[in-house]
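All remarks here apply to the structure that follows.
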Amino acid sequence: MRDNVRLFLRFLLVTAGAAVMALNLNTFVSTAGLLPGGFTGISLLLQEVFSKFFKIHVPFTVFYWGLNIVPALICFRFVGKRFTLLSIWAIIASGLFTDLFPGFQMTDDIMLCAIFGGIVNGFAISLCLLAGATSGGTDFISIYVSEKTGHSIWNHILVFNVIILGIFGLLFGWSRALYSIVFQFVSTQILNFLYKRYQKSTLLIITDYPAQIIQVIREITGHDATLFTGNGCYQGTERKMLYTVISSDEEDKLLRSIKKTDPCAFVNILQTKMLKGNFIMKKQD
1 MRDNVRLFLR FLLVTAGAAV MALNLNTFVS TAGLLPGGFT GISLLLQEVF
51 SKFFKIHVPF TVFYWGLNIV PALICFRFVG KRFTLLSIWA IIASGLFTDL
101 FPGFQMTDDI MLCAIFGGIV NGFAISLCLL AGATSGGTDF ISIYVSEKTG
151 HSIWNHILVF NVIILGIFGL LFGWSRALYS IVFQFVSTQI LNFLYKRYQK
201 STLLIITDYP AQIIQVIREI TGHDATLFTG NGCYQGTERK MLYTVISSDE
251 EDKLLRSIKK TDPCAFVNIL QTKMLKGNFI MKKQD
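Take 1 as the starting number for the sequence shown in UniProt numbering and just add one per residue.
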């Protein structure tokens with residue numbers, strides 16, 4: 001029962017992300033004539049190439065679905081079935097909502113459209129990611145590689161998008177391409193800020209209840225800890241310190257549980273830039 005409720009909530013969150021994405025496409029993106037990144041951008045680029053150079057109109061879905069098939073199958077096999085099915089729903093829902101929602105213009109300033117459109121786009125994608133899904137396209141590739149390596153590659157995807165937009169600029173003019181690069185940069189920074197699954201945090205916890213805190217860490221994160229024994233210099237008494245590394249998205253929940261278990265616990269949280277060793281992450285479902 002609980003699993004079904006959780007799945008339904010994930011479905012609602014993905015649907016909300018798709019709706020926000022569609023609104024963004026019909027406002028900021030369409031107003032400024034921006035070229036979205038990822039497979040959406042590649043599909044639009046291929047459309048324009050075929051139309052301009054070969055005088056052939058190819059439907060958007062031919063390119064878009066064709067590009068998504070292989071990454072979707074890979075994620076279905078290696079990342080998670082529910083993850084992939086929810087991602088496919090995000091692709092379908094965003095397309096439906098884009099056609100259903102009316103377009104309107106909030107501002108005619110292209111730079112404002114690029115900046116705020118990037119913010120809204122990053123927020124919409126983050127909603128899908130927090131629900132355990134993606135918005136499709138290169139997000140499939142990003143999640144697959146991140147699951148295998150344990151590292152976020154959003155900035156690498158940004159470089160890929162810049163290359164695509166550079167090709168678009170060479171063929172069709174630089175104005176739209178450069179504003180679209182601003183859009184992609186802002187969107188990527190929002191993603192890095194909101195979605196922290198592949199970021200790591202190191203916790204140093206001084207507590208009088210190490211056994212209970214270790215159990216809390218295991219239950220919430222699935223990770224363990226290393227116990228150090230030392231002397232507190234102020235009082236000269238023996239103190240226990242736990243050392244553990246967790247995914248940053250689990251940080252707030254774990255900290256609340258630690259404070260509930262030991263209100264006097266002293267917790268130092270450090271951002272982990274690099275980690276070598278066997279760090280096991282929970283699999284996407």
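From the three backbone atoms N, C-alpha and C, an ideal C-beta is built for every residue, glycine too. Every value quoted in this text rests on a predicted model; they were computed, and no experiment measured them.
Closest to residue i by CA distance: which of the options is it?
i    : options                : result
F183 : Q105, T149, C113       : C113
I213 : Q189, L242, V70        : L242
R197 : E251, G173, T138       : E251
F28  : L44, L7, T107          : T107
Q105 : Q271, G37, N26, V62    : N26
F193 : R6, T221, F39, W154    : W154
V162 : S152, F185, G150       : F185
Q199 : G95, I181, L270        : L270
L45  : K55, F63, S30          : F63
A90  : A124, P59, S43         : A124
H151 : A225, T272, R2         : T272
N4   : P36, R82, V70          : R82
R6   : P59, Q47, L86          : L86
H223 : D109, T84, T202        : T202
K240 : G95, D262, T61         : D262
Q61  : S30, S94, T84          : A quick correction: the sequence has Thr, not Gln, at residue 61. Of the candidates S30, S94, T84, the one whose C-alpha sits nearest the C-alpha of T61 is S94.
E219 : Q235, S257, N231, T237 : S257
I181 : N231, G118, H156       : G118
M111 : S175, G277, L96        : S175
V120 : L100, A18, H156, F160  : A18
D109 : S30, K253, N231, Q235  : S30
For residue i, write down the residues that DSSP places opposite it in a beta bridge.
i    : result
G230 : R239
F266 : I206
S201 : I246, Q271
Locate the alpha helix (DSSP H) running through residue i, then write down its first and last residues.
i    : result
T134 : Here T134 belongs to no alpha helix (DSSP H), and DSSP marks it neither H nor E.
N192 : 174-194
S152 : Element bounds for S152: n/a, residue is neither H nor E.
M111 : 110-130
L9   : 2-24
K259 : 251-261
L46  : 38-53
A93  : 81-100
Using the C-alpha atoms, what's the distance from residue j back to residue i?
i    : j    : result
F116 : L34  : 12 Å
L275 : L204 : 16 Å
G122 : S51  : 30 Å
V216 : H57  : 59 Å
M281 : V79  : 12 Å
K259 : L227 : 18 Å
V49  : F172 : 9 Å
F279 : P210 : 21 Å
G166 : F39  : 15 Å
T149 : I143 : 10 Å
A177 : P102 : 25 Å
L12  : F54  : 42 Å
R2   : E147 : 26 Å
V70  : R77  : 11 Å
C128 : R10  : 8 Å
F8   : T229 : 46 Å
P59  : V145 : 30 Å
G37  : T237 : 58 Å
Q47  : G277 : 45 Å
H156 : F168 : 19 Å
So residue i and residue j are supposed to be a Cβ contact under 8 Å. How far apart are they, rounded?
i    : j    : result
V245 : L255 : Rounded, the Cβ-Cβ distance is 14 Å, inconsistent with contact.
S248 : I190 : That pair is no contact at about 16 Å.
I88  : A72  : 6 Å
C75  : F140 : 5 Å
A22  : T98  : 4 Å
G137 : N68  : 7 Å
A32  : Y179 : 6 Å
G66  : I164 : About 16 Å; that fails the 8 Å criterion.
T207 : A265 : 4 Å
V20  : A131 : V20 to A131, Cβ: 12 Å. No contact.
L158 : T134 : Contact flag wrong, Cβ pair sits at about 16 Å.
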